[in-house]
Every structure is written in structure tokens, then in C-alpha cells.
Amino acid sequence: MICYQLCCANGHTFEGWYRDSAAFARLKQENLLSCAVCGSPKVEQALMAPAIVKGSSRPKKAETPAPEATPHQPEASVAEQPPHSRQPDNLMEALRQIRAVVEENCENVGSNFADEALRIHHGEAPERGIYGDMTAAEREMLEDEGVDVLPLPWVRKTDS
1 MICYQLCCAN
11 GHTFEGWYRD
21 SAAFARLKQE
31 NLLSCAVCGS
41 PKVEQALMAP
51 AIVKGSSRPK
61 KAETPAPEAT
71 PHQPEASVAE
81 QPPHSRQPDN
91 LMEALRQIRA
101 VVEENCENVG
111 SNFADEALRI
121 HHGEAPERGI
131 YGDMTAAERE
141 MLEDEGVDVL
151 PLPWVRKTDS
């Protein structure tokens with residue numbers, strides 16, 4: 001997966017996650033991108049700082065590529081809907097897609113998340129993607145230990 005910093009014609013900046021640069025280019029060419037804030041279809045890549053990954057010098061196992069995200073297509077034409085009415089649907093669909101990728105590619109360790117993340121960090125458990133629950137105190141402890149964690153909003157799989 002690749003993360004781009006994006007900017008709309010109205011000056012809003014936001015992140016977009018894509019399978020690869022080709023997936024982003026295809027969505028842009030087909031005018032399937034829109035601002036996460038105002039819904040503007042005029043979206044460009046913004047300047048970004050390079051990503052620096054902290055981790056061990058051990059080579060990582062080959063990862064299975066994540067599925068390409070497909071944009072949500074509402075019943076009515078996008079142009080017919082005001083931007084504020086599209087935003088919640090697009091956001092919820094994006095969060096559902098993130099959840100699906102995490103569930104497909106990572107192990108759910110539940111309430112043992114902080115302990116397992118620390119064991120992986122210290123090399124006491126195999127390196128792999130995990131997800132689960134942690135308290136604010138556990139998050140602070142992981143940050144103090146130098147363990148990178150990314151809290152995600154966990155939405156229901158469907159609203160129906």
C-alpha cells in the first residue's frame with residue numbers, strides 16, 4: 001500500500017491510501033478521486049516528506065499485496081449530489097475497506113495487543129502484522145519503548 005498526501009482545489013489536504021502508484025494514477029485519470037473534506041473532484045498530489053520506517057535489520061517476509069481499493073459508486077450521479085451528502089458515505093466506505101485489509105492481512109490478538117506488540121519489538125515473537133485493543137496507558141508505554149502503533153477507527157462491516 002502507498003499513502004499519498006493530497007490537496008483539493010479548495011486547499012484542503014488529506015491522505016489517500018492506494019494499492020500502488022498505478023492504482024492512484026488510474027483513479028485520477030478516470031476522475032474517481034474527490035476531496036475527503038469538501039467532495040471537490042479536483043484533487044492533486046501535495047508535496048510529501050519521505051517516509052522513514054523504524055524496524056529491525058532482519059529481512060521481512062514477502063507480503064501479500066493488498067487488494068486495490070474500489071471507490072464507492074452511489075445510485076445517483078456524483079455531480080447531482082451536493083459534496084456534503086457524499087462525504088459520510090465515502091468516508092465510511094473507505095474505513096470499511098481499511099478494516100477489510102487489516103483483517104485479511106493481520107492477526108487479531110484482542111486485548112493482548114500491547115503485550116504482543118512489545119514481544120514482537122523485542123524479537124521474542126515472530127514479526128507480523130497484528131491488531132487488537134489497548135488502553136491509553138498501554139499506548140503510552142509502547143510509545144516510550146519505541147514501538148510504532150497506528151490507532152484506526154474501527155467501523156462496523158455494514159450498516160444494514
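Position 125 (the sequence shown) corresponds to 125 in the UniProt record's numbering; numbering is contiguous.
For glycine and all other residues, C-beta sits at the position ideal for the given N, C-alpha and C.
- Annotated three-state conformation of L6 is strand, per DSSP.
- Counting every other CB atom within 10 Å of its CB across the protein chains shown gives S21 a total below 16, marking it as exposed.
- Checking the DSSP bridge columns, you'll see Q45 partnered with L6.
- Contiguous beta strand (DSSP E) elements confined to the segment 83-153 occur at 107-110, 130-132, taking only those with 3 or more residues.
- Annotation for E15: the continuous beta strand (DSSP E) segment containing it runs 13-18.
- Judged by DSSP in its simplified three-state form, S34 adopts coil rather than helix or strand.
- R26: member of the alpha helix (DSSP H) spanning 21-29, first to last residue.
- Between the C-alpha atoms of M141 and K28 there is a straight-line separation of about 41 Å.
- Contact between D133 and S111 holds, since their C-beta atoms are separated by about 5 Å, short of 8 Å.
- The C-alpha of W154 is placed about 22 Å away from the C-alpha of L118.
- Burial check for C106: the Cβ neighbour count within 10 Å stays below 16, so the residue is exposed.
- Within the same chain, Cβ atoms closer than 7 Å to the Cβ of A46 are found at Q5, L6, C7, T13, the five residues on either side in sequence being excluded.
- Of the candidates E30, F24, V43, K157, K157 places its Cα closest to the Cα of V102.
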